[in-house]
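Novice: Here it is: the structure, laid out below.
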């Protein structure tokens, strides 16, 4: 059975973007860039919510890097009630039954699935107990405000630590699996 893992960046104070939805404070080093390549090599499908999909759509199709080639060629799925059609190649739009769709995908053979999404989509999948692993990259910055990683927490989310990696630029990857 495949697992669904979240791969997301956040500031030291727990924000995934600044107050104006800016992401420019999250910078990469070569070691971290290699990690992102390994994530793409380990998956069969990238899953997005509409907002994250539109953010990625505004950048990756125009980029000419080797990493962009991987991003553009991988199959993608976007969950949205409002998006009518996918403009990014290899993308399927799913309008309903998020739970059934994810469960079906996880039961199929193949590589793992990655969720590249914002707080709303993460919250939806967390509430449905569909996330198997959290891979959170903490950047050595403090934003002070913005969008928090975890929203709408009504019950304790118990996780088991499965790994930590520190990158040359100071970012730290924290990996947890759900219990």
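In UniProt numbering, the protein residues as written are 1 to 179.
Note that beta-carbon positions come from the ideal geometry of N, C-alpha and C, so glycine has one too.
Only a predicted model underlies this, so the values are computations on that prediction, with no experimental measurement involved.
Out of curiosity, what's the CA-to-CA distance linking residue 160 and residue 179?
Specialist: 7 angstroms
Novice: Please state whether the Cβ-Cβ distance between residue 1 and residue 106 is less than 8 angstroms.
Specialist: yes
Novice: Please report the straight-line C-alpha distance between residue 38 and residue 32, rounded to a whole angstrom.
Specialist: 10 angstroms
Novice: To the nearest angstrom, report how far apart residue 144 and residue 89 are at their CA atoms.
Specialist: 36 angstroms
Novice: Mapping DSSP to helix, strand and coil, what is residue 161?
Specialist: strand
Novice: Are there 16 or more other CB atoms within 10 angstroms of the CB of residue 114, so buried, or fewer, so exposed?
Specialist: buried
Novice: Hey, how far is the Cα of residue 64 from the Cα of residue 16?
Specialist: 26 angstroms
Novice: What would DSSP say about residue 116, mapped onto helix, strand or coil?
Specialist: coil
Novice: Bridge partners of residue 77, per DSSP?
Specialist: Per DSSP, 47 and 92.
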